[in-house]
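Residue numbers (the UniProt record's numbering): 1 to 117.
Here a beta-carbon is modelled for each residue, glycine too, at the ideal position from N, C-alpha and C.
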């Protein structure tokens, strides 16, 4: 089974597609739930918005949707990883994330960062 199909099969509530009229894909978010006890949380695996639909707060809406789903399953937080060198993504996440933001640089040897909100 492909990577995407595995996520869809295991965590269908965490896979959402935003469509424009005519079934044009505007963007999507996919994630999962993981951890135990106080580490039980939602995780954003991917959030993507098509170029022509950027700067319309679609990523924020998709991320808020995933956060709401995580709240319903009593998740303690939602996390996502982004490369420290991905400045456009970091700026977008800083605008999108309303609650506390934690950035840990050099999280792994590839210099990824983790954002928790």
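Here's the rule I'm using: 16 or more other beta-carbon atoms within 10 Å means buried, otherwise exposed. How should residue i be labelled?
i           : result
residue 69  : buried
residue 4   : exposed
residue 37  : exposed
residue 31  : buried
residue 95  : exposed
residue 106 : Legend: pLDDT at residue 106 = 45, less than 50; position of this residue unreliable, value from coordinates given subsequently. Exposed, since its Cβ has fewer than 16 Cβ neighbours within 10 Å.
residue 44  : buried
What does the alpha-carbon distance come out to for the pair residue i and residue j?
i          : j          : result
residue 87 : residue 93 : 10 Å
residue 28 : residue 66 : 11 Å
residue 19 : residue 39 : 33 Å
residue 15 : residue 83 : 22 Å
residue 21 : residue 77 : 33 Å
residue 91 : residue 1  : 34 Å
Note the first and the last residue of the continuous alpha helix (DSSP H) segment covering residue i.
i          : result
residue 6  : 3 to 10
residue 71 : 58 to 72
With DSSP as the reference, please indicate the residues paired to residue i in a beta bridge.
i          : result
residue 48 : 28
Assuming residue i and residue j make a contact with CB atoms under 8 Å, what is their CB distance in whole Å?
i          : j          : result
residue 46 : residue 25 : With a Cβ gap of about 13 Å, residue 46 and residue 25 do not count as contacting.
Just reading off the beta strand (DSSP E) that residue i is part of, what are its end residues?
i          : result
residue 81 : 78 to 83
residue 38 : Taken as a continuous stretch (DSSP letters only), residue 38 belongs to no beta strand (DSSP E), as it is neither H nor E.
residue 53 : Element bounds for residue 53: n/a, residue is neither H nor E.
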